[in-house]
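A quick write-up on the structure given underneath.
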Amino acid sequence: MSGFKEPNFADRQKAAMQARQNILNKFRAQPGPDDPEVKRRQAEREAIAAARAKAREAKEAEKAEQKRREAEAAAAEAARIAREKEEEAARQAALEAEQKAKRDARYAARKTKGKKK
Numbered sequence: 263m264s265g266f267k268e269p270n271f272a273d274r275q276k277a278a279m280q281a282r283q284n285i286l287n288k289f290r291a292q293p294g295p296d297d298p299e300v301k302r303r304q305a306e307r308e309a310i311a312a313a314r315a316k317a318r319e320a321k322e323a324e325k326a327e328q329k330r331r332e333a334e335a336a337a338a339e340a341a342r343i344a345r346e347k348e349e350e351a352a353r354q355a356a357l358e359a360e361q362k363a364k365r366d367a368r369y370a371a372r373k374t375k376g377k378k379k
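Residue numbers (our numbering): 263 to 379.
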C-alpha cells in the first residue's frame, strides 16, 4: 500500500483552476432572463404575491369591520348604562320624595295631635 502523497504547488494550482472552471461552467449553464422557464417561475411568483396582497387587504378590511362592530357595541353598552343610571336616579328621587311626603305627614299628624290637647 502506498502512502499519502503530499500534493505539490502545481497540483494545488491545477485543482484551484479546475474548481474555478467548474463554478464558471455552472454559472454559464443557468438559464437567462428571457428563458421561458424563468419567465414562467417569475409569473408564478408574481401571482402568489398578488394573492397574498389580496388576502392581506381582505384581512385588514375584516379587522376594520370588527373594530367598527366593537365600537358600536361599546357605544350601545355605554348608552344602556347611562339610561339605567338615569332611571335609577329617577327612582331614587321618587323614593326620596315619597319618604319625605310620609315623614311630613307623620310630622303634621304629630303637630295636629299635640294641638288638640
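Note that the Cβ used here is the ideal one computed from N, Cα and C, for glycine as well. Computed from a predicted structure; not experimentally measured.
Could you check where the alpha helix (DSSP H) with residue i kicks off and where it finishes?
{"i": "Gln280", "result": "271-291"}
Is DSSP giving residue i helix, strand or coil here?
{"i": "Ala298", "result": "Position check: residue 298 holds Pro in this sequence, whereas Ala was assumed. Three-state result, Pro298: helix."}
{"i": "Glu268", "result": "coil"}
Take residue i and list the residues in its own chain whose beta-carbon comes closer than 6 Å to its own, dropping the five residues that flank it on each side.
{"i": "Ala341", "result": "none"}
Can you list, in chain order, the residues of its chain whose CB lies under 7 Å from that of residue i, leaving out five sequence neighbours each side?
{"i": "Ala363", "result": "none"}
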